[in-house]
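Each residue of the sequence shown is one higher than the one before, counting from 10 in our numbering.
Where a beta carbon is used, it is the ideal one built from N, C-alpha and C, also for glycine.
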Amino acid sequence: MSLTTFSFPTRTLFGAGALRELPAHLIRLGIHRPLVVTDGGLVRTDAFRLLESVLGAAGKGQSWFLFDGVHPNPVEEDVRLPGALMREKGCDGVIAIGGGSPLDAGKAARLLAKKPDLDMARFYDEPHDWSGLAPFIAIPTTAGTGSEVGRSSVITLDSTKRKAVLFHPELLAKLVILDPELTVGLPPKLTAATGADALTHCIESYTCPAFHPMCDGIALEGVRLIVEALPRAVRNGGDLDARGRMLVAAAMGAVAFQKDLGVVHSMAHPLSALFGMHHGLANALCLVAGMKFCAARKPGLYRRVGIACDLNVLGVSEAEADAMTIAFVTRFLADLGMNTRLRDHGVSLDALEALVGQAVDDPCHKSNAVPVSAEDFRALYREVI
Ligand SMILES: NC(=O)c1ccc[n+]([C@@H]2O[C@H](COP(=O)([O-])OP(=O)(O)OC[C@H]3O[C@@H](n4cnc5c(N)ncnc54)[C@H](O)[C@@H]3O)[C@@H](O)[C@H]2O)c1
Ligand SMILES: [Fe+2]
10 MSLTTFSFPT
20 RTLFGAGALR
30 ELPAHLIRLG
40 IHRPLVVTDG
50 GLVRTDAFRL
60 LESVLGAAGK
70 GQSWFLFDGV
80 HPNPVEEDVR
90 LPGALMREKG
100 CDGVIAIGGG
110 SPLDAGKAAR
120 LLAKKPDLDM
130 ARFYDEPHDW
140 SGLAPFIAIP
150 TTAGTGSEVG
160 RSSVITLDST
170 KRKAVLFHPE
180 LLAKLVILDP
190 ELTVGLPPKL
200 TAATGADALT
210 HCIESYTCPA
220 FHPMCDGIAL
230 EGVRLIVEAL
240 PRAVRNGGDL
250 DARGRMLVAA
260 AMGAVAFQKD
270 LGVVHSMAHP
280 LSALFGMHHG
290 LANALCLVAG
300 MKFCAARKPG
310 LYRRVGIACD
320 LNVLGVSEAE
330 ADAMTIAFVT
340 RFLADLGMNT
350 RLRDHGVSLD
360 ALEALVGQAV
370 DDPCHKSNAV
380 PVSAEDFRAL
390 YREVI
């Protein structure tokens with residue numbers, strides 16, 4: 010039997026109002042001049058205003074600093090610029106607030122602060138001592154990516170226009186704050202799309218064949234929480250209980266995918282890299298096709314996912330358990346408005362080979378429940394375009 014590492018190390022503060030505890034944690038972590046990393050949309054929200062009041066608006070530019078230029082689907086510049094700002098202002102920590110994009114950019118900015126000439130495209134070719142990175146505090150305002158508990162940062166590289174994953178244990182946050190008050194202003198469409206990302210993480214990590222029973226349990230409980238809470242959060246953004254459950258479920262999805270992901274994420278990444286499509290929406294539009302593909306080759310794969318969805322799939326055949334679960338997920342996504350096709354979002358068959366080319370090279374499907382060939386990706390994309 011090969012050796013495996015099980016790792017659940019992130020300190021997480023959860024609850025409505027948790028953000029108000031931030032100053033005490035800055036002191037505990039020895040952070041005196043933090044750089045706040047976010048995006049241009051978020052700075053206009055109540056979530057950001059709350060952070061500003063907690064940090065003290067008067068201290069902006071004096072005791073804390075702001076980089077608010079992160080793009081959705083961050084590019085190298087979104088990491089390089091805050092990294093340079095950290096050096097210029099002598100920042101000794103990073104607070105990233107926002108969705109997965111600012112969290113990923115802020116997390117990786119510390120690499121650039123330590124090594125300004127880092128070539129992100131050669132991250133793994135040129136190993137470096139990353140110990141002692143400035144501490145990182147992650148405050149998600151979407152409930153989807155779970156980037157806050159992850160050790161990776163997903164950045165679109167300038168040279169290849171592909172999403173690359175920068176993975177290193179030192180990237181892990183020292184503190185995560187899950188405060189449902191910060192997600193109440195997230196519009197219904199983004200709530201649904203980011204929630205679909207979390208659902209995809211739970212389903213793909215549970216069904217990926219790596220041995221990790223702890224993550225399997227977390228993934229299935231994540232499915233249960235999302236199925237129950239996401240429709241409520243979409244219907245009523247002010248439902249703090251639903252918002253809180255979604256924040257925890259999203260973090261659980263990302264804890265679970267330390268196991269790995271699968272074919273759906275490999276289909277989704279090129280859609281963001283080539284068309285700028287939101288990551289969660291891209292997953293939502295590919296999820297059912299990916300599940301059908303896997304179930305056809307590994308019957309019974311989704312029975313426990315069905316149980317987590319509260320379906321009565323015990324005592325039915327494997328094929329039936331899969332069919333019932335997939336029908337449920339299809340309806341669930343449709344009820345949340347995510348039953349469109351890629352062509353409704355500007356993706357046409359003209360892009361098929363470019364999409365297939367990137368999907369084949371994407372690492373996620375290497376851990377899929379069943380192998381996926383270029384021909385399989387071609388057929389899968391045809392099904393959803
Ligand atoms: N590191 C990881 O483990 C990991 C995992 C999955 C996805 N990702 C990455 O995360 C990114 C996607 O993140 P995302 O889905 O959270 O979207 P995002 O961070 O790109 O944000 C989408 C939009 O939502 C807005 N927004 C965020 N919070 C808001 C709030 N509370 N109120 C109003 N508007 C708000 C933002 O301003 C932005 O315009 C992608 O780049 C993806 O590759 C990373
Ligand atoms: Fe994802």
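For residue i, the first and last residue of its enclosing beta strand (DSSP E)
i	result
L108	First, the residue type needs correcting, since residue 108 is Gly and not Leu in the sequence shown. First-last for G108: undefined, no H or E at that position.
I164	S161 to T165
T145	The amino acid occupying residue 145 in the given sequence is Phe; Thr does not appear at that position. F145 to P149 is the span of the beta strand (DSSP E), which, as asked, contains F145.
F23	T21 to F23
Range of the contiguous alpha helix (DSSP H) that encloses residue i
i	result
V393	A383 to V393
F76	Careful: F76 lies outside any alpha helix (DSSP H), inside the beta strand (DSSP E) at F74 to F76.
I36	L31 to R37
G366	L361 to D370
F132	Premise fails: F132 is in no alpha helix (DSSP H) and is neither H nor E.
C224	P222 to R244
F15	Note, F15: premise wrong, no alpha helix (DSSP H); not H, not E.
L9	Absent from the model: residue 9. The displayed extent of the chain is 10 to 394, so no value can be given.
E327	E327 to D344
V314	R312 to A317
Secondary structure of residue i, DSSP reduced to three states
i	result
G299	helix
K172	strand
V322	coil
T200	helix
I40	coil
K268	coil
K307	coil
G69	The sequence given here has Lys at residue 69, not Gly. Of the three classes helix, strand and coil, the one that applies to K69 here is strand, per DSSP.
A378	coil
P125	coil
L280	helix
T209	helix
C217	coil
T192	helix
P426	Since the first residue of the chain shown is 10 and the last is 394, residue 426 is not available in this structure.
A152	coil
V356	coil
M255	helix
D248	coil
N292	helix
M261	helix
M95	helix
V79	coil
R350	coil
L28	helix
H177	coil
H287	coil
L51	helix
L142	coil
CB-CB length for residue i against residue j, believed under 8 Å
i	j	result
V79	S110	5 Å
I40	D101	6 Å
K172	H278	5 Å
M261	I227	5 Å
A202	H287	5 Å
T21	L187	6 Å
T54	G194	5 Å
C373	G271	6 Å
Residues bridged to residue i [DSSP beta-bridge criterion]
i	result
I186	L22
G102	P43
V84	T165
K116	Partner(s): none; K116 has no beta bridge.
Any chain B beta carbon closer than 8 Å to residue i
i	result
T209	Among the chains of the structure shown, chain B does not appear; only one protein chain is present.
Any non-hydrogen atom of ligand 3 closer than 7 Å to residue i Cβ
i	result
D113	Ligands in the displayed structure: ligand 1 and ligand 2; ligand 3 is not one of them.
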